[in-house]
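One structure below.
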Ligand SMILES: Cc1cc2nc3c(=O)[nH]c(=O)nc-3n(C[C@H](O)[C@H](O)[C@H](O)COP(=O)(O)OP(=O)(O)OC[C@H]3O[C@@H](n4cnc5c(N)ncnc54)[C@H](O)[C@@H]3O)c2cc1C
Ligand code: FES
Ligand code: FES
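Chains as they are written, first to last, in the working numbering: chain V, 1 to 166; chain Y, 1 to 288.
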């Protein structure tokens, strides 16, 4: 048995045919080719698969594709403006908020949820906000610094440097 | 891992869901936020033949004012919805301080309170909180509606009074006495974040002494329970350090305290007492 699922991903409308047991993360990675969303565990604990569903961070390995029919999803690929970096991406780069980078897409999507509701979080609030995301490399210090920095950039409304990845 | 194959239905009304559930007779499971059920299915610890996704039943999404300080929390209200609800957090401030201790942001964005109660994980936090608030549960089946107390609903680990053809539709929280202070304190398993022991306390003063006390504990016995002996010891006391210490010593009275690889019974018993003391102190400090 398969189901038709309509979903908007990073502003683009898609219609896919999936088995009901298809997890959202696999629909994104395999049906839509958006491999920036990672799978790091089998137990819903690591947060590498975090995306935004209708504006809220969710673990896409713990959501069925059929559950999001009609929904709107933002993945890490949808964060950056054309030719630039999102403030969070830029801050992770500047503050060395990553080493291997495996956890980074999920960290950024969870951080985006945090900053949307709390633009000026304390370090404790940042740590609480990324509680559902595990990083095996950095020790978190620089991730916290990066999120703090991105918050201040976003509060200042400063434009994110275009082509900052060059 | 990917769950075993199942049939999927997404009813848009409660009545339709109840018909499907009755027809599914034991083979069908309700899917709400999926934060407990999908992890189990991914590990193939559960393989239901059919999922009935209640996620689009608008009538279950509400958080209602039941008047006089009471609140109705619909089955689809997520932890996040409740945290964002001025009504729920004003009527029951313990929700605002305790819910952020449950899971993580992503889990709170999807997971429902009703789903946690229906799932009845013995390590879950909410049972203690609802017991201390003296919550009731509205349960529907094709045969009608019944309202039961949270107390008595849990029958064992992952076992409840809920029948296979029933849906929990609303959690009702009655008003707490004016000026009561409430708090939840838990010792978490550091890796999973689940509570090894969690204690909810709702306390009111009459003059200089404690006139109202509801203490409930999760993680210590095989189901969450009201710690009646602690309540009895607190009532009429001055709420000073010695009285709290003496009351907290009764935290596990009458319970068979469990042991597992996280904590043996002796440690759990000790932590139940420590966290009872902390929850009571915090609740007293929150009285206004
Ligand atoms: C990473 C992680 C960390 C977590 N940490 C904690 C924690 O620290 N403390 C804690 O208490 N919990 C924790 N949880 C569990 C979480 O609180 C529950 O998973 C969630 O609240 C369950 O709600 P749900 O809507 O997702 O339920 P589902 O997963 O959809 O359903 C759970 C069960 O309840 C049944 N069910 C659901 N709704 C109804 C209904 N209305 N009527 C009848 N049956 C129903 C389902 O059939 C299923 O058996 C954690 C979960 C995860 C994934
Ligand atoms: S892949 Fe680990 S939480 Fe989703
Ligand atoms: S940078 Fe390697 S897991 Fe976080």
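Glycine included, each C-beta is placed from N, C-alpha and C at the ideal position.
Check whether the Cβ of residue i sits closer than 7 Å to any heavy atom of ligand 3, and report yes or no.
i: residue 102 of chain V; result: yes
i: residue 49 of chain V; result: no
i: residue 99 of chain V; result: yes
In this structure, how does DSSP classify residue i when only helix, strand and coil are distinguished?
i: residue 117 of chain V; result: helix
i: residue 204 of chain Y; result: strand
i: residue 104 of chain V; result: helix
i: residue 138 of chain Y; result: strand
i: residue 193 of chain Y; result: coil
i: residue 259 of chain Y; result: coil
i: residue 96 of chain V; result: coil
i: residue 52 of chain V; result: strand
i: residue 8 of chain V; result: strand
i: residue 145 of chain Y; result: strand
i: residue 70 of chain Y; result: strand
i: residue 253 of chain Y; result: coil
i: residue 161 of chain V; result: Low per-residue confidence applies at residue 161 of chain V: pLDDT is 47, beneath 50, and the placement is therefore not dependable, though the value from the model is reported in the following sentence. If DSSP states are grouped into helix, strand and coil, residue 161 of chain V belongs with coil.
i: residue 156 of chain Y; result: strand
i: residue 79 of chain V; result: coil
i: residue 123 of chain V; result: helix
Examine chain V for any beta-carbon lying closer than 8 Å to the beta-carbon of residue i, and answer yes or no.
i: residue 184 of chain Y; result: no
i: residue 104 of chain Y; result: yes
i: residue 268 of chain Y; result: no
i: residue 35 of chain Y; result: yes
i: residue 194 of chain Y; result: no
i: residue 63 of chain Y; result: no
i: residue 23 of chain Y; result: no
i: residue 205 of chain Y; result: no
i: residue 271 of chain Y; result: no
i: residue 113 of chain Y; result: no
i: residue 51 of chain Y; result: yes
Under the criterion of a Cβ to heavy atom distance below 7 Å, does residue i qualify as lining ligand 1?
i: residue 11 of chain Y; result: no
i: residue 119 of chain Y; result: yes
i: residue 30 of chain Y; result: yes
i: residue 36 of chain Y; result: yes
i: residue 107 of chain Y; result: yes
i: residue 54 of chain Y; result: yes
i: residue 112 of chain Y; result: yes
i: residue 162 of chain Y; result: yes
i: residue 77 of chain Y; result: no
Thinking just about the alpha-carbon of each residue, which of the options is nearest to the one in residue i?
i: residue 135 of chain V; options: V:145, V:58, V:103, V:153; result: V:103
i: residue 83 of chain Y; options: Y:49, Y:110, Y:236; result: Y:110
i: residue 92 of chain V; options: V:5, V:33, V:148; result: V:148
i: residue 66 of chain V; options: V:14, V:32, V:84, V:22; result: V:22
i: residue 242 of chain Y; options: Y:261, Y:277, Y:221; result: Y:277
i: residue 180 of chain Y; options: Y:129, Y:197, Y:202, Y:194; result: Y:202
i: residue 194 of chain Y; options: Y:232, Y:94, Y:122; result: Y:122
i: residue 62 of chain V; options: Y:279, Y:196, Y:103, Y:34; result: Y:34
i: residue 18 of chain Y; options: Y:37, Y:51, Y:186, Y:1; result: Y:51
i: residue 104 of chain Y; options: V:7, V:133, V:28, V:146; result: V:133
i: residue 145 of chain Y; options: Y:285, Y:14, Y:4, Y:9; result: Y:14
i: residue 184 of chain Y; options: Y:8, Y:217, Y:232; result: Y:217
i: residue 140 of chain Y; options: Y:235, Y:74, Y:66; result: Y:74
Please confirm if residue i has its CB atom under 8 Å from at least one CB of chain Y.
i: residue 67 of chain V; result: yes
i: residue 1 of chain V; result: yes
i: residue 64 of chain V; result: yes
i: residue 9 of chain V; result: no
i: residue 13 of chain V; result: no
i: residue 128 of chain V; result: yes
i: residue 123 of chain V; result: no
i: residue 166 of chain V; result: Low local confidence applies: a pLDDT of 36 at residue 166 of chain V is under 50, so the model's placement there is unreliable, and no value is given.
i: residue 30 of chain V; result: no
i: residue 138 of chain V; result: no
i: residue 47 of chain V; result: yes
Residues of chain Y with CB under 9 Å from residue i, in chain order?
i: residue 110 of chain V; result: 104, 105, 106
Taking 7 Å as the cut-off, does the CB of residue i come closer than this to any heavy atom belonging to ligand 2?
i: residue 61 of chain V; result: yes
i: residue 41 of chain V; result: yes
i: residue 52 of chain V; result: no
i: residue 45 of chain V; result: yes
Report the neighbours of residue i on chain V: residues whose CB is nearer than 8 Å to its CB, in chain order.
i: residue 6 of chain Y; result: 20, 21
i: residue 326 of chain Y; result: The displayed coordinates of chain Y run from 1 to 288. Any statement about residue 326 of chain Y would go beyond what the structure contains.
Starting from the beta carbon of residue i, find every residue of chain V whose beta carbon is closer than 7 Å, and list them in chain order.
i: residue 2 of chain Y; result: 21, 23
i: residue 55 of chain Y; result: 67
i: residue 39 of chain Y; result: 43, 44, 62
Chain Y partners of residue i, CB-CB under 7 Å?
i: residue 57 of chain V; result: 105, 106, 109
i: residue 50 of chain V; result: 106
For a contact meaning CB atoms closer than 8 Å, what does residue i contact in chain Y?
i: residue 120 of chain V; result: None at all; the shortest Cβ gap to chain Y is about 17 Å.
i: residue 132 of chain V; result: 103, 104, 105, 106, 107
Identify the contact partners of residue i in chain V, using a Cβ-Cβ distance below 9 Å as the criterion.
i: residue 100 of chain Y; result: 128
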